[in-house]
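Mapped onto our numbering, the consecutive letters of the sequence shown carry residue numbers 323 to 556.
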Amino acid sequence: MLKLDDIVTHYGNIQALKGISIEVKQGEIVTIIGANGAGKTTTLKTICGLISPTSGKVYFQNKDITGKATSDIVEAGIAMVPEGRRVFPRMTVLENLQLGAYLNKNRQEVKNYLEEVFTLFPILKNRKKQIAGTLSGGEQQMLAIGRALMAKPKLLLLDEPSMGLAPKIVANIFDIITEINKEGTTILLVEQNARMALSIANKGFVIETGKIVLQDTAENLLKNEEVKKAYLGE
């Protein structure tokens, strides 16, 4: 479904990605784990057109989407939940969700998608008139995921969904991610909480200083001594 072929990305003179190749098959949950500054977020931003790669290709459903406008990439079926949630703090929950469907001109479809999001996140339905900036961190994360789902993506990119959240809330968010996947959305998950990410993923990639240094099934990565030592605190 998604293929990154030898992607090189720069920030000015700094080479952030050094020939990344990743494949995500339809229906999978794939995770990229690595330390801060390893290139995880840059990888997601390159996929969704927020950064153009210096070289290499991004393919989605066998089409070359390298360097396309982000709006075109969203229309093709990719949505991203950014790091730090990035909800619009002065707008209501409902307005934030409606913005997620801004490309869709079919009002009935938007209404149906809203109901699906409210089924997944009942708390958002109860707070739909509340100003987003007044929500708790966990609720804002749910809103950020809900807003992305309003675009009805085939592929959902998640950037550090557990960041800054209490363990109980993290467990809830990861249950929801699994549920979204079961309902047919393919997921590419970037996460510092490697144990949690690998516990729900089919396969994983380990990134260090802009290079993929290890790739395997999530089950094997959880047993890998190097991964245990570096990322699982063992």
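Glycine residues also receive a C-beta, built at the ideal position from the N, C-alpha and C atoms.
Going by CA-CA distance only, name the one from the options that's closest to residue i.
i      : options                        : result
Glu405 : Val549, Leu511, Ile342         : Leu511
Gly389 : Met402, Glu397, Leu372         : Leu372
Lys340 : Lys550, Ile529, Ser393, Glu505 : Ile529
Ile342 : Leu520, Thr365, Ile351         : Thr365
Gly361 : Asp328, Thr531, Leu544         : Thr531
Thr392 : Glu547, Pro483, Ala401         : Ala401
Mind checking which residues open and close the beta strand (DSSP E) that includes residue i?
i      : result
Ile342 : 336-346
Ala391 : Element bounds for Ala391: n/a, residue is neither H nor E.
Lys591 : In this structure the chain extends from 323 to 556, so residue 591 is not present and cannot be described.
Ser377 : 377-382
Ala401 : 400-403
Give the range of the alpha helix (DSSP H) segment to which residue i is assigned.
i      : result
Lys490 : 489-504
Phe440 : 429-442
Gly460 : 459-471
Gly422 : 415-422
Ile522 : 516-522
Is residue j closer than 8 Å to residue i when the C-beta atoms are compared?
i      : j      : result
Ala540 : Gly526 : yes
Met472 : Ala423 : yes
Ile355 : Glu513 : yes
Leu446 : Val415 : yes
Thr500 : Ile534 : no
Arg412 : Ile351 : no
Ala519 : Thr353 : yes
Tyr381 : Asp327 : yes
Lys476 : Thr456 : no
Asp481 : Thr363 : yes
Can you give the beta carbon distance from residue i to residue j, rounded, assuming they're within the 8 Å contact cut?
i      : j      : result
Val409 : Leu479 : Val409 to Leu479, Cβ: 17 Å. No contact.
Measuring from the CB of residue i, is there a heavy atom of the ligand COA at a distance below 7 Å?
i      : result
Val535 : Ligands in the displayed structure: none, and consequently the ligand COA is not present.
Q.
Under 8 Å, with one C-beta from each stretch per pair, do the region 413-421 and the region 452-467 reach the 3-pair mark?
A. yes
Q: Decide yes or no for the touch test of the region 331-340 against the region 489-503: beta carbon pairs closer than 8 Å, at least 3 of them.
A: no
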